[in-house]
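Chemist: Shown below is the structure under consideration.
In the numbering used here, the protein residues as written are 135 to 303.
Here you go:
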């Protein structure tokens, strides 16, 4: 199952809209109502589940992504999003499972939509739980925000990258 993660590390900004060490990021999902969300400095995770993925895999994914040292702190040391502490934005991205066939993309390796929604919901809930039980994250008031599974996502991302990693489980 591929995952793309993006650590967003921008030096402190003078703009009052942007908080310490922040980068402004937004995802706007198309719901019945137009709802948008944004995070401050943190980790953006694009996730796609392949056939064969199950509930046992989700805790391993969450542990890896929240503890891998991708973010640079004020001392230019690499730390995890939990140690930063930083927000987490989760975006379901079925197109990560695509393979080109001729001049078209096919998504036959992706998990069935209902099972994918189940795993995605478990993934989001576990990320929320991990940040809520981490003292640094709790003190800093960091958030987990997420897009909606199965809907089109419109994304605007400001980062100091490119700094994107593909992680497969």
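Every residue, glycine too, gets a C-beta built ideally from N, C-alpha and C.
Would you kindly check if the distance between the Cβ of residue 216 and the Cβ of residue 200 is under 8 angstroms?
Modeler: For the purposes of this step, residue 200 is identified with residue 66 of the chain shown, where counting begins at 1. For the purposes of this step, residue 216 is identified with residue 82 of the chain shown, where counting begins at 1. Yes, the Cβ-Cβ distance between residue 200 and residue 216 is below 8 angstroms.
Chemist: Drop a sphere of 10 angstroms on the beta-carbon of residue 186, count the other beta-carbons inside from all chains shown, and report buried for 16 or more, exposed for fewer.
Modeler: Within the chain shown, numbered from 1, the residue matching residue 186 stands at position 52. With fewer than 16 other Cβ atoms within 10 Å, it is exposed.
Chemist: Applying the criterion that 16 or more other CB atoms from any shown protein chain within 10 Å of the CB defines a buried residue, is residue 174 buried or exposed?
Modeler: As a first step, residue 174 is located in the chain shown; it is residue number 40 there, counting from the start. By the Cβ-count criterion, residue 174 is buried, with 16 or more other Cβ atoms from all chains shown falling within 10 Å of its own Cβ.
Chemist: Using three-state DSSP, classify residue 257 as helix, strand or coil.
Modeler: Looking up residue 257 in the chain shown gives position 123. In the structure shown, residue 257 sits in a helix (DSSP, three-state: H, G or I).
Chemist: What's the call for residue 284, buried or exposed, on a 16-neighbour Cβ count within 10 Å?
Modeler: Walking along the chain shown from the start, residue 284 turns up at place 150. By the 16-neighbour rule on beta-carbons within 10 angstroms, residue 284 is exposed.
Chemist: Any Cβ of chain B within less than 8 angstroms of the Cβ of residue 275?
Modeler: Here there is only one protein chain, and chain B is not present.
Chemist: Between 184, 264 and 176, which lies nearest to residue 206 when the distance is taken from Cα to Cα?
Modeler: For the purposes of this step, residue 206 is taken as the residue at position 72 of the chain shown. Of 184, 264 and 176, the residue nearest in Cα terms is 176.
Chemist: Excluding five sequence neighbours on each side, which residues of the same chain lie with their C-beta closer than 7 angstroms to the C-beta of residue 265?
Modeler: To locate residue 265, count along the chain shown from 1; it is residue 131. These residues qualify, in order along the chain: 222, 271, 276 and 278.
Chemist: Looking at the secondary structure, which residues open and close the beta strand (DSSP E) in which residue 226 lies?
Modeler: Taking the chain shown and counting its residues from 1, the one referred to as residue 226 is at position 92. Where residue 226 is concerned, the enclosing beta strand (DSSP E) stretches over 221-226.
Chemist: Rounded C-beta distance between residue 256 and residue 180? I'm assuming under 8 angstroms.
Modeler: Along the chain shown, one-based indexing puts residue 256 at 122. Along the chain shown, one-based indexing puts residue 180 at 46. Not confirmed; about 17 angstroms, so no contact.
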